[in-house]
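Protein chains in written order, with my numbering: chain A, 138 to 344; chain B, 16 to 195. All C-beta atoms, glycine included, are put in the ideal place defined by N, C-alpha and C. Treat the numbers as computed from the prediction; the structure is a model and nothing was measured.
Structure follows, in C-alpha cells:
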C-alpha cells in the first residue's frame with residue numbers, strides 16, 4: 138500500500154511527539170563535539186577520524202533500526218525511492234527532529250540509453266541525496282583550518298548510522314558526504330547509493 | 016576616538032584584542048590588529064607619550080604632523096598594552112568587592128579610561144577608551160560576552176587559546192560599530 142509523502146511526514150511528526158525521553162540539544166551537540174575533538178587528538182589523521190566516526194555510526198545504526206521499526210510499524214519499502222522518503226521524513230524526524238530534503242536519482246544504465254524513471258526502483262546504483270538544512274550535531278561548531286585541510290567530515294557518524302540501519306534490512310549501501318556547511322559549502326548533503334540487496338536470509342528456527 | 020578591547024583568560028593570557036575607531040563620527044573604520052594609528056589618533060597619544068618618553072613638545076608635534084606614523088603606531092601599541100596590564104591589578108582589587116559583572120571605569124591614565132567586565136568564568140574584558148559612554152560600553156560588553164559564550168561552545172576551542180575565528184572577529188567589530 139503506497140504511503141504518500143504527506144503520510145510519512147505525519148508519521149514522523151507523531152513519532153517525534155510521542156517520544157518521552159528527549160535530551161537537551163546543547164548537551165547533545167557538546168557531547169558529540171567533545172567526542173570528535175578527542176578522536177582527532179587520539180588519531181591525529183582526519184581520514185582515520187572519518188573512518189572511526191563512520192564505524193561508530195554503523196554500530197549505532199544496526200541497533201537503531203530495531204527501535205525505529207518497532208515504533209513506526211512501517212512495512213517493507215517497495216523500492217529504493219521509498220526507502221529515501223522514509224529515511225528522510227520518518228527516520229530523521231523521529232530521532233533528530235529535522236526533515237532533510239530528498240532528491241532521488243536513477244541508476245546509470247549499463248547501455249547508453251537515457252535512463253527512464255521506471256528503471257529506478259530497486260536497481261543497484263540508484264541513489265538519493267539528503268540535504269540537511271540544519272544539523273543538530275554541529276551546533277556552535279567552527280572547524281579550524283587543519284581540520285578543513287585534512288578533509289574532516291564532522292557529522293560522519295550519520296553516514297555510519299544510515300549504512301548500519303539499511304544493512305539490517307537487507308540493503309547494502311554506500312553513504313558519503315557530498316558537502317558540508319562547516320567546510321564552507323552551501324549546504325550539507327549526504328548521498329546514499331544502493332550497492333545491492335542482500336539475499337541471504339538468516340535461517341529462523343532450527344531447520 | 017578609538018577604543019581598544021582586550022579579552023584575557025583567567026590566567027591572564029591574552030585571548031583576543033581589537034582596536035576600533037568609533038563610527039559616531041563619520042570616519043571609515045579601518046581597524047586591524049596590526050594597523051598603524053592614523054595621524055589624527057596619534058595626537059591623542061601626544062600627551063601620554065610626552066609624559067612617558069620625556070621628549071620635548073617640539074619633537075612630539077613634529078611626529079604628529081610629520082606623519083611618521085609608523086614609529087608612532089609602534090610606540091602607541093606598547094603604551095596601550097602597558098596601560099591594560101597595569102589596570103589588571105586594580106581590576107583584581109575591585110573584583111573581590113564588586114559582585115556585578117560590569118565594573119565601570121576602574122582606572123584612568125592620562126586621557127585613557129579603562130573599563131572592565133568580568134564574566135562568571137573569570138574572563139576579563141578590558142576596554143580602553145577616551146570618552147565616557149557607560150551605557151554603550153555596557154551593551155557592548157554584553158554583546159561581546161554573548162559572542163564569547165558561543166565561541167566557548169565550539170568544541171575545537173580550548174579555554175586558554177587565542178580566538179582566531181573570523182566570524183567572532185566580524186561580529187565583535189559590528190557590535191563595536193553599533194555601540195561605541
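Asked, Found
"Can you grab the Cα-Cα spacing for the pair residue 288 of chain A / residue 167 of chain B, in whole Å?", "23 Å"
"Can you pull the DSSP bridge partners for residue 170 of chain B?", "Its beta-bridge partners do not exist; DSSP assigns none."
"Would you identify the three-state DSSP class for residue 175 of chain B, choosing helix, strand or coil?", "coil"
"By Cβ distance, which residues of its chain are closer than 8 Å to residue 309 of chain A, with the 5 residues on each side in sequence left out?", "303, 331, 332, 333, 334 and 335"
"Between residue 118 of chain B and residue 175 of chain A, what straight-line distance do the alpha-carbon atoms span, to the nearest angstrom?", "37 Å"
"Do you know how far the Cα of residue 217 of chain A is from the Cα of residue 188 of chain A?", "25 Å"
"Return the Cβ separation of residue 144 of chain B and residue 133 of chain B in integer angstroms, given the expectation that the two are a contact with Cβ distance under 8 Å.", "Not really, about 17 Å apart at Cβ, beyond 8 Å."
"Helix or strand or just coil, what does DSSP make of residue 214 of chain A?", "coil"
"So the beta strand (DSSP E) residue 127 of chain B belongs to, where does it begin and stop?", "127-133"
"Given residue 166 of chain A, which residues of its chain have a CB within under 8 Å of its CB, disregarding the five upstream and five downstream residues?", "273, 274, 275, 276, 277 and 278"
"Counting contacts by CB-CB distance shorter than 8 Å, is residue 170 of chain B in contact with chain A?", "yes"
"So, with DSSP's three-state summary, where would you put residue 92 of chain B?", "helix"
"Quick one: is residue 168 of chain A buried, meaning 16 or more other Cβ sit within 10 Å of its Cβ, or exposed?", "exposed"
"Using a Cβ-Cβ cut-off of 8 Å, state whether residue 194 of chain A counts as contacting chain E.", "The chain labelled as chain E is not found among the protein chains of the depicted structure, namely A and B."
"For a cutoff of 8 Å on Cβ pairs, would you count residue 147 of chain B as touching chain A?", "no"
"Given this structure, state the Cα-to-Cα distance separating residue 171 of chain A from residue 178 of chain A, to the nearest angstrom.", "11 Å"
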